[in-house]
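Chemist: Take a look at the following structure, please.
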Amino acid sequence: MKKICFVTSCIYNSGGTERVSTLIANGLASQGYEVVFFNLISDGELKFPIHHNVTLYTLNLQPYSLRRHSLFVLLNLRKFVKKNKIDVLIDVDSILTIFSSVALWGVNVKHICWEHFNFNANLGTKFRDLGRKWAAKHCDYVVTLTYRDQELWRNNLININAKIVTIPNPASFENTEHVGSFESKVVLAVGRLTYQKGFDLLLNSWALICKENKDWMLRIIGSGEDEATLKEQAEFLQISDRVEFVSATKNISEFYKKASIFCLSSRFEGLPMVLLEAQSFGLPIVAFDCECGPSDIVFSNINGLLVENGSVLQLSASLHQLIQTSKEDYIFLCKNAKENANNYVLDKIINNWIEIL
């Protein structure tokens, strides 16, 4: 079987990228592939379990600087690939192609760039834009999470030699027997407490409707640099008693089981893992139609409601609509959410990956 190397910045993080990377690595390992993570930064303990056939190699760069450590990383990566006879190298972020495309010059290794954001989001660094150009030119494959993002790659780059394919993320959980219930009266949101996730917009939306829905609670699960700011915002809006902040947890499934509605307020995404997770638990979703991902998963009045990106008023109106919906309509949305989750079961996604390895 082939030996697969995933190149990651920090597999120790608790985000969706790290979660899905370990899922795919574990799935390939269970199929007999030899899998290794080449990781740049060490930061505490792993947040997600890895298969016993998956190994971890870390450079222990701390702190890490793209400019300062580029040569060090690419030389060590090249040495690692040759010594361990890697067959396929997968960059878990297009920015990493800056290192790996040079490290693999003259080495017979299949090279795959796995894009986890959308093409229009560079997260404030032009190195990511450069990485995408190099990936399109030098990689064998570029994997996008949505067809919408695949088109962005095709329409905005020249000198494309890579095959650009779409493989969505799998849901983190098997499609459970659980179905959403109004009894919980909880609107759930999950993600890192950062600008990208738009929890400030969600709080503003919740402030507009929570007084009309006095028996409902907003629960936000996650940790991050904006935690203090968001809690201050809740106090300013006088809704602290209607919002519960819970730190990132490994036991996230219990919170999905205790929710009635899931809300995604992100300003931009790649393919939100949390939407797939929510549907696995039969939760109807209210989500901003941001680039990219929600429109591939959420279909208005079928399994949730899709809202104009960034519109606080529409988000609040859609949340209120779901809270006030009839039991019959709610059950219809829950049923369709679970059916859509079947499109993202792990075995199907692993088979898609095996086809390009």
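All residue numbers for the sequence shown refer to the working numbering, where the first residue is -14 and numbers rise by one. Glycine included, every Cβ here is placed at the ideal spot set by N, Cα and C.
Please give me, in chain order, every unbroken run of the beta strand (DSSP E) with length at least 3 that falls completely inside the region 232 to 303.
Modeler: Counting only runs of 3 or more, we get 246 to 249, 270 to 273 and 289 to 292.
Chemist: Kindly indicate which three-state DSSP category R204 falls into: helix, strand or coil?
Modeler: Here R204 sits in strand by DSSP.
Chemist: In the DSSP assignment, find the beta strand (DSSP E) that holds N24 and state where it starts and stops.
Modeler: Taken as a continuous stretch (DSSP letters only), the beta strand (DSSP E) holding N24 covers E19 to N24.
Chemist: Where does F104 fall in DSSP's three states?
Modeler: Coil at F104, not helix or strand.
Chemist: Assuming P279 and Y315 make a contact with CB atoms under 8 Å, what is their CB distance in whole Å?
Modeler: So it is not a contact: roughly 20 Å between Cβ atoms.
Chemist: Measure the alpha-carbon distance for I145 versus A121 and round it to whole angstroms.
Modeler: Cα-Cα distance, rounded: 5 Å.
Chemist: What's the call for T214, buried or exposed, on a 16-neighbour Cβ count within 10 Å?
Modeler: Exposed, since its Cβ has fewer than 16 Cβ neighbours within 10 Å.
Chemist: Alpha carbon to alpha carbon, what distance is there between S208 and S232?
Modeler: So the alpha carbons of these two residues sit roughly 5 Å apart.
Chemist: Apply the 10 Å Cβ neighbour rule to R52 and answer buried if 16 or more other Cβ atoms are within range, or exposed otherwise.
Modeler: Exposed, by the Cβ-count rule.
Chemist: Would the beta-carbon of V305 fall within 8 Å of that of I194?
Modeler: Reading off the sequence shown, one finds His at residue 305, where the question assumed Val. Yes. Within cutoff.
Chemist: Is the region 39 to 58 touching the region 10 to 28, taking contact as three or more C-beta pairs under 8 Å?
Modeler: Enough Cβ pairs lie closer than 8 Å, so yes.
Chemist: Could you please give the first and the last residue of the uninterrupted beta strand (DSSP E) stretch that includes T151?
Modeler: Taken as a continuous stretch (DSSP letters only), the beta strand (DSSP E) holding T151 covers K148 to T151.
Chemist: Determine the burial state of E262: buried for a count of at least 16 other Cβ atoms within 10 Å of its Cβ, exposed for fewer.
Modeler: Counting Cβ neighbours within 10 Å, E262 comes out buried, since at least 16 surround it.
Chemist: Since K(-12) contacts E19 with CB under 8 Å, what's their CB separation in whole angstroms?
Modeler: Rounded, the Cβ-Cβ distance is 4 Å, consistent with contact.
Chemist: Count the C-beta pairs between the region 168 to 178 and the region 197 to 204 that are closer than 8 Å, then say yes if the count reaches three, no if not.
Modeler: Counting Cβ pairs under 8 Å, three or more are found: they touch.
Chemist: Taking only the alpha-carbon atoms, compute the straight-line gap between I71 and F65 and give it to the nearest angstrom.
Modeler: I71 and F65: Cα-Cα distance of roughly 8 Å.
Chemist: Among D134, A244 and Q309, whose alpha-carbon lies nearest the alpha-carbon of C359?
Modeler: Here the chain has residues from -14 to 342 only, and residue 359 is not among them.
Chemist: For A156, which of helix, strand or coil comes out of DSSP?
Modeler: Of the three classes helix, strand and coil, the one that applies to A156 here is coil, per DSSP.
Chemist: In angstroms, rounded to a whole number, what distance separates the CA positions of A272 and S157?
Modeler: The alpha-carbon atoms of A272 and S157 are separated by roughly 19 Å.
Chemist: State the CB to CB distance for the pair N154 and M(-14), rounded to an integer number of angstroms; the pair is presumed to be in contact (CB under 8 Å).
Modeler: So it is not a contact: roughly 23 Å between Cβ atoms.
Chemist: Would you kindly check if the distance between the Cβ of K68 and the Cβ of K235 is under 8 Å?
Modeler: No, they are not a contact pair.
Chemist: Which one of N140, S166 and D185 has the shortest CA to CA distance from Q264?
Modeler: Checking every option, the nearest Cα to that of Q264 belongs to S166.
Chemist: Assuming contact is defined by CB atoms lying nearer than 8 Å, are I339 and Q16 in contact in what I supplied?
Modeler: Cβ atoms of I339 and Q16: closer than 8 Å.
Chemist: Can you list, in chain order, the residues of its chain with a C-beta nearer than 6 Å to that of L89? Leave out the 5 residues immediately preceding and following it.
Modeler: H96.
Chemist: Pull up the CB-CB distance for L178 and D211, whole angstroms please, since I reckon it's below 8 Å.
Modeler: So it is a contact: roughly 4 Å between Cβ atoms.
Chemist: Measuring only the C-alpha atoms, how far is L74 from G116?
Modeler: Roughly 15 Å separates the two Cα atoms.
Chemist: Based on the DSSP output, what are the partners of Y180 in its beta bridges?
Modeler: Paired residue(s): none; Y180 is not in a bridge.
Chemist: Would you report the Cα separation of L46 and T(-7), rounded to the nearest angstrom?
Modeler: Taking the straight line from one Cα to the other gives about 12 Å.
Chemist: Please state whether DSSP places C124 in a helix, a strand or coil.
Modeler: C124 falls in the coil class under three-state DSSP.
Chemist: Using a threshold of 8 Å, state whether the C-beta atoms of S250 and L300 are closer than that.
Modeler: Contact: yes.
Chemist: Alpha carbon to alpha carbon, how far is C124 from L108? Give it in angstroms, no decimals.
Modeler: Cα-Cα distance, rounded: 22 Å.
Chemist: With DSSP as the reference, label C(-5) as helix, strand or coil.
Modeler: Coil.
Chemist: Suppose the cutoff is 7 Å on Cβ atoms and the five residues either side in sequence are ignored; what does the same chain contact list for A14 look like?
Modeler: So the list reads V20, H36, N38 and V39, once near-sequence residues are dropped.
Chemist: Assign V128 to buried or exposed, taking buried as 16 or more other Cβ atoms, counted over all protein chains shown, within 10 Å of its Cβ.
Modeler: Classification of V128: buried, given that the 10 Å Cβ count is 16 or more.
Chemist: Just how far apart, CA to CA, sit I341 and Y126?
Modeler: Whole-angstrom Cα-Cα distance: 8 Å.
Chemist: So is V92 buried or exposed if we call it buried at 16+ other beta carbons inside 10 Å?
Modeler: Looking at its Cβ environment, which holds fewer than 16 other Cβ atoms inside 10 Å, V92 is exposed.
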